[in-house]
Amino acid sequence: AQSVTQPDIHITVSEGASLELRCNYSYGATPYLFWYVQSPGQGLQLLLKYFSGDTLVQGIKGFEAEFKRSQSSFNLRKPSVHWSDAAEYFCAVGDMVGGATNKLIFGTGTLLAVQP
Amino acid sequence: DAEITQSPRHKITETGRQVTLACHQTWNHNNMFWYRQDLGHGLRLIHYSYGVQDTNKGEVSDGYSVSRSNTEDLPLTLESAASSQTSVYFCASSDGLAGDTQYFGPGTRLTVL
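First to last, the protein sequences are chains A and B. Just so you know, we're using our numbering here: the first sequence kicks off at 1 and counts up by one. Just so you know, we're using our numbering here: the second sequence kicks off at 1001 and counts up by one.
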């Protein structure tokens, strides 16, 4: 069955430091992968997505993610974290039907805290 | 601008009552989804719809129902609310085309006492 694992429940980084959030997936075919961010009390906002092509994907707010098929991973990175990046981050895999994203299967999320 | 809205944003109800959560989107999207978010579980799919008159069960559908009478709305009904249904509920929509993205509403926090 399809699944997504985010091994880090909570991460704290200093402002200006680099960030990497881990995501591993289990999916039988070529996965469609997403990273969403959720600020406190808000809905989810799409950061970036991978469908095909270049395995390094650029997103909004200076984030990027790299798809590594051999490791079944789609880790999210940012070279320099800002205090406003404090939020919860969700990785998801799309359960595809007919080439369109049918349903999303989410990981349990990683809560990011940023120290001044 | 197109958007997806949910109402109410907060709701407190009692065990056994019927509750309906509204979801309205102006994207003209075919696909609509309901998720619940609980600590340690991420988001789990409750029900989804690919178009008018179409509804499907998701991973955690017991105790919930939906109906799709038009493109814009997918209300979620809790037939007889239980304390285990205390959660934050998110509605989402997507256009159903290749490479589509799901857009999420702001959520409804439901407390069942």
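Each residue gets a CB set at the ideal place from its N, CA and C atoms; glycine is no exception. Computed from a prediction, not measured in an experiment: that's the story for all the values here.
Considering only their Cβ atoms, is the gap separating residue j from residue i smaller than 9 Å?
{"i": "B/Q1018", "j": "B/L1078", "result": "yes"}
{"i": "A/T30", "j": "A/S52", "result": "yes"}
{"i": "A/F63", "j": "A/L33", "result": "no"}
{"i": "A/L44", "j": "B/F1090", "result": "yes"}
{"i": "A/F106", "j": "B/G1107", "result": "no"}
{"i": "B/S1094", "j": "B/T1101", "result": "yes"}
{"i": "B/G1114", "j": "B/N1031", "result": "This structure does not reach residue 1114 of chain B, given that chain B is present from 1001 up to 1113, and the question cannot be answered."}
{"i": "B/G1058", "j": "B/Y1050", "result": "no"}
{"i": "B/S1054", "j": "B/A1022", "result": "Strictly speaking, residue 1054 of chain B in this sequence is Asp, with Ser absent from that position. Not closer than 9 Å, so no."}
{"i": "B/E1014", "j": "B/L1113", "result": "yes"}
{"i": "B/V1052", "j": "B/S1080", "result": "no"}
{"i": "B/A1002", "j": "B/T1020", "result": "no"}
{"i": "A/E20", "j": "A/H82", "result": "no"}
{"i": "A/Y117", "j": "B/F1104", "result": "Nothing in the structure corresponds to residue 117 of chain A, since chain A is present only between 1 and 116."}
{"i": "B/L1045", "j": "B/V1060", "result": "yes"}
{"i": "A/T55", "j": "A/R77", "result": "no"}
{"i": "A/I9", "j": "A/L104", "result": "no"}
Who pairs with residue i in a beta bridge, going by DSSP?
{"i": "B/T1111", "result": "B/I1012"}
{"i": "A/Y36", "result": "A/L46, A/F90"}
{"i": "B/F1033", "result": "B/Y1048, B/A1092"}
{"i": "B/S1007", "result": "B/A1022"}
{"i": "A/G16", "result": "Paired residue(s): none; A/G16 is not in a bridge."}
{"i": "B/L1076", "result": "B/L1021, B/V1066"}
{"i": "B/E1059", "result": "B/E1059 is not bridged to any residue."}
{"i": "A/K61", "result": "None; A/K61 has no bridge partner."}
{"i": "A/A113", "result": "A/T12"}
{"i": "B/T1071", "result": "DSSP lists no partner for B/T1071."}
{"i": "A/T5", "result": "A/N24"}
{"i": "A/N202", "result": "Because chain A in this structure spans residues 1 to 116, residue 202 of chain A falls outside the shown range and cannot be described."}
Beta-carbon within less than 7 Å of residue i's beta-carbon, same chain only, minus the 5 sequence neighbours each way: which residues are those?
{"i": "A/T12", "result": "A113, Q115"}
{"i": "B/N1028", "result": "T1071"}
{"i": "A/G109", "result": "Q6, E88, Y89, F90"}
{"i": "A/Q38", "result": "L44, A87, E88, F90"}
{"i": "B/S1007", "result": "A1022"}
Can you name the residues of chain D whose CB is closer than 8 Å to the CB of residue i?
{"i": "A/G16", "result": "Absent here is chain D; the protein component of the structure consists of chains A and B."}
Leaving out five residues on either side along the sequence, give the residues of the same chain with a beta carbon under 8 Å from the beta carbon of residue i.
{"i": "A/V57", "result": "L48, K49, Y50, E64, A65, E66, F67"}
{"i": "A/M96", "result": "A29, Y32, N102"}
{"i": "B/S1083", "result": "T1015, V1112, L1113"}
{"i": "B/I1004", "result": "C1023, H1024, Q1025, T1026, W1027, C1091, A1092, S1093, Y1103, F1104, G1105"}
Leaving out the 5 sequence neighbours to the left and right, which residues in its chain are closer than 6 Å to residue i when beta-carbon positions are compared?
{"i": "A/S18", "result": "P79"}
{"i": "B/H1010", "result": "R1109"}
{"i": "B/V1066", "result": "H1047, T1055, L1074, L1076"}
{"i": "A/G59", "result": "L47, L48"}
{"i": "B/F1033", "result": "Y1048, A1092"}
{"i": "A/Y25", "result": "V4, P31, S72, V93"}
{"i": "B/I1012", "result": "T1111"}
{"i": "B/V1088", "result": "Q1037, G1107, R1109"}
{"i": "A/K61", "result": "none"}
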